[in-house]
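J.: Below you'll find the structure I mean.
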Ligand SMILES: [Zn+2]
Ligand SMILES: [Zn+2]
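Residue numbers (the numbering used here): -8 to 166.
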């Protein structure tokens, strides 16, 4: 997800440019995105470019019930300022203070959204994707995929109710 922004950096402060994104598979270290589409807006700031990404990604995650890999749509919306290391007009190195840990645009003037996108995806609330809304999941006793076969184990459902019934009895005893 690298975009040449030399032209955008040469615009006056406040200039906005919108890019339509339609990215095929993106691999960001530990995150697999099978597609991403949306809009990237770059606004020239006095230090660099303010990037606003509004997109929808399809990421591969495991079904929360049966664990098979499942495509799920992840809405993405974030804003990040990118500061160039070189001045786009004079090619002079721009001093940036060490305390400033924002994203940089390298000397090739390519803005790389990859790392900010990765950090955003990691920050997202853990989701509970389902391969289908009525997925019945795995048998808690033998691990069989109950979507595919019926294993014949006694449902643990009864045990759980048994525990609750026990609690109920204790409360009554105490009173
Ligand atoms: Zn499932
Ligand atoms: Zn079973």
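Positions of the beta carbon are idealized from the N, C-alpha and C atoms, including for glycine. Here the structure is a predicted model, which means the values were calculated and not measured.
Does DSSP put residue 166 in a helix, a strand or coil?
T.: Note on residue 166: pLDDT 48, under 50, position unreliable in the model; the coordinate value appears next. Coil at residue 166, not helix or strand.
J.: Can at least three beta-carbon pairs, one atom from the stretch 125 to 132 and one from the stretch 95 to 114, be found at a separation below 8 Å?
T.: No, the stretch 125 to 132 is not in contact with the stretch 95 to 114.
J.: Tell me whether residue 114 is buried or exposed, calling it buried when 16 or more other Cβ atoms sit within 10 Å of its Cβ.
T.: Looking at its Cβ environment, which holds fewer than 16 other Cβ atoms inside 10 Å, residue 114 is exposed.
J.: In three-state terms, what does DSSP make of residue 113?
T.: DSSP places residue 113 in helix when its eight states are reduced to three.
J.: Distance check for residue 27 and residue 142, CA to CA, integer angstroms please.
T.: Answer to the nearest angstrom: the Cα atoms are 39 Å apart.
J.: Should residue 137 be counted as a contact of ligand 1 given a C-beta to heavy atom distance under 7 Å?
T.: Flag unset: Cβ of residue 137 not near ligand 1.
J.: Could you tell me whether any non-hydrogen atom of ligand 1 is closer than 7 Å to the CB of residue 63?
T.: No, the beta carbon of residue 63 sits no closer than 7 Å to any heavy atom of ligand 1.
J.: Could you check the C-alpha separation between residue 42 and residue 72 for me, to the nearest Å?
T.: Whole-angstrom Cα-Cα distance: 6 Å.
J.: What is the DSSP secondary structure of residue -1, reduced to helix, strand or coil?
T.: Three-state DSSP puts residue -1 in a helix.
J.: Taking 8 Å as the threshold (C-beta atoms), are residue 60 and residue 51 in contact?
T.: Closer than 8 Å, so yes.
J.: Tell me whether residue 108 sits in a helix, a strand or coil according to DSSP, three-state version.
T.: Of the three classes helix, strand and coil, the one that applies to residue 108 here is helix, per DSSP.
J.: Closer than 8 Å by C-beta to residue 95: which residues in its own chain qualify, once you throw out the five before and the five after it? Chain order, please.
T.: 73, 74, 75, 76, 87, listed in sequence order.
J.: Measuring alpha carbon to alpha carbon, tell me which of 40, 9, 22 ends up nearest residue 93.
T.: Residue 93 has its Cα closest to that of 40, out of 40, 9, 22.
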